[in-house]
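Its first residue numbered 251, the sequence shown is counted upward by one per residue in my numbering. Where a beta carbon is used, it is the ideal one built from N, C-alpha and C, also for glycine.
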Amino acid sequence: MRRIRTRWTRWIASAVWSNYASTTGRTMSVALLLVFSAEGALAGAPAPRPDTGEAHTPEHQLASLGKFKFENGETIDDLKVSYVTHGKLNAAHDNVILALQHFVGDHHDLDFLIGPGKALDPDKYFIVATDFLGNARLRSPLTTGPTNSGLKMAFPRITARDWVSADYKLVKEYLGIDRVVAAIGASIGAINAYQLAVSYPDFPAAIIPIAGSPKTNPQTQRVLRHARDVLALDPGWYGGMYESNPETGLEVAASELEPWWYSYEWFAENLTTPGAVRGFELQWHKIWSEQLHQDARDFYYQLQGWAEFNLGDTPGFNGDVDAALRSIKAKTLLIGASSDMLVRREEILSAKQALRDATFLEIQSPLGHLIAVGADAQATDTMNREIKKFLASTK
């Protein structure tokens with residue numbers, strides 16, 4: 251059995267997964283909760299720029315960035331971006347790594363790769379971990395999105411170009427950093443790593459997309475759109491104009507995604523009886539209802555942005571994914587699990603062929619897409635080791 255990490259969620263895991271572990275005789279699934287940490291500091295005042303001499307810490311920070319224009323031409327007047335930082339910005343401003351949020355996550359998503367001696371070592375790098383437009387976590391304040399803006403469904407449609415434009419605006423204009431050593435992200439964060447390298451080709455020296463492809467494949471599109479449609483069936487949805495979060499529709503929609511995060515092998519080994527399957531369902535019910543605390547409207551926008559992603563839709567490429575990939579100047583480390591059911595290895599291999607300078611690290615793990623949240627300790631150890639080597643070779 252592969253080792254698991256409980257990290258921030260050891261106390262949650264013991265409480266929430268105890269029944270499931272006793273039912274199945276397995277403990278591997280405990281690590282799944284890494285993505286659902288209950289840990290998180292409340293935001294304070296807007297953060298100082300790092301070159302002011304004032305301290306930056308991993309506490310939740312909020313930057314007011316002014317007017318923001320979306321890809322479709324619509325604007326909002328006061329974009330706010332929430333983020334945390336780790337480490338210290340050096341005098342040359344050339345030790346920055348941008349860590350990008352994944353689906354239903356936040357700025358803690360890559361904590362399993364951050365720490366002394368790990369791939370993203372705060373003793374060496376200044377790590378900026380952001381929350382993207384439409385972050386769905388139910389806490390305040392966060393990066394501007396459909397719900398916390400008060401615009402609801404009148405909020406502009408969000409694309410990957412918008413996600414990375416907000417991050418670029420934060421790092422380049424607010425923090426005063428002209429270039430980053432690398433942009434790293436998992437799942438939607440991987441999508442955004444690709445997009446950042448195309449939209450701002452001289453900004454990242456390297457990108458590290460984990461469990462992501464440059465175009466959402468048709469099968470995954472169907473899964474994501476179905477989840478979105480299920481959410482809209484909740485009578486409390488009201489076309490997305492609700493006042494009270496439609497919890498039932500949100501949970502059912504979210505549960506549509508659960509089977510796709512694991513591999514077939516994981517299910518075959520761990521859920522061998524009807525009772526085990528039911529225990530899995532019940533524990534996921536607890537996770538969605540008690541730990542995740544998502545806003546349905548922001549969740550809907552995330553599903554839409556992920557489902558419709560095509561790197562080739564970047565202006566100037568006429569939908570041609572390979573042409574967009576060939577434009578990338580950044581050195582690239584592609585990471586994926588051979589058992590990932592949402593992002594197939596064939597997609598990553600195809601991207602590698604189109605890229606100028608790319609290496610593919612293929613992970614063997616029964617947890618499939620969940621390597622993106624640090625759920626498999628052996629996979630995490632491999633990623634920490636290989637990312638560290640990759641960054642050491644990046645200029």
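Please state if the CB of Y551 and the CB of P396 are separated by a distance shorter than 9 Å.
yes
Which of the three DSSP states, helix, strand or coil, is assigned to V448?
helix
Less than 9 Å separating the beta-carbons of P459 and E519?
no
For K638, the three-state DSSP class (helix, strand or coil)
helix
Less than 8 Å between the CB atoms is what I'm expecting for W413 and F453, so what's the real figure, rounded?
Not quite, the Cβ-Cβ distance comes to about 14 Å (not below 8 Å), so this is no contact.
Between T394 and the rest of its own chain, which residues show a CB-CB distance below 7 Å, the 5 nearest in sequence each way excluded?
I326, L329, K330 and L383
Determine contact between the segment 556–566 and the segment 580–599, defined as no fewer than three beta-carbon pairs at a distance below 8 Å.
no
Suppose the cutoff is 8 Å on Cβ atoms and the five residues either side in sequence are ignored; what does the same chain contact list for R576 look like?
A604, L605 and R606
Per-residue burial, E597 [other beta carbons within 10 Å of its own, 16 or more giving buried]:
buried
Would you call the CB atoms of M403 and P509 closer than 9 Å?
no
In three-state DSSP terms, what is H343?
coil
Touch test, the segment 420–432 against the segment 459–468, Cβ-Cβ under 8 Å, three pairs minimum:
no
Please say whether L420 and V378 have beta carbons closer to each other than 9 Å?
yes
Report the residue ranges of all alpha helix (DSSP H) runs contained in full by the segment 558–607; include only those spanning at least 4 residues, in chain order.
571–576 and 595–604
Tell me the start and end of each unbroken alpha helix (DSSP H) in the segment 410–445 that is at least 4 residues and wholly inside, in chain order.
410–418
Look up Y375 in the DSSP assignment and give the residues it is bridged to.
Y375 is not bridged to any residue.
Validate contact between the segment 483–500 and the segment 532–546 using beta carbons, cut 8 Å, 3 pairs
yes
Rounded to a whole number of angstroms, what is the C-alpha to C-alpha distance between E309 and T522?
43 Å
Terminal residues of the continuous alpha helix (DSSP H) containing P509?
E508 to W511
Buried or exposed for L620, going by 16 or more other Cβ atoms inside 10 Å?
buried
For E612, which of A627, E540, A625 and R594 has the nearest alpha-carbon?
R594
Hey, out of S449, D417 and Q469, whose CA is closest to L350's CA?
D417
Is DSSP giving M633 helix, strand or coil here?
helix
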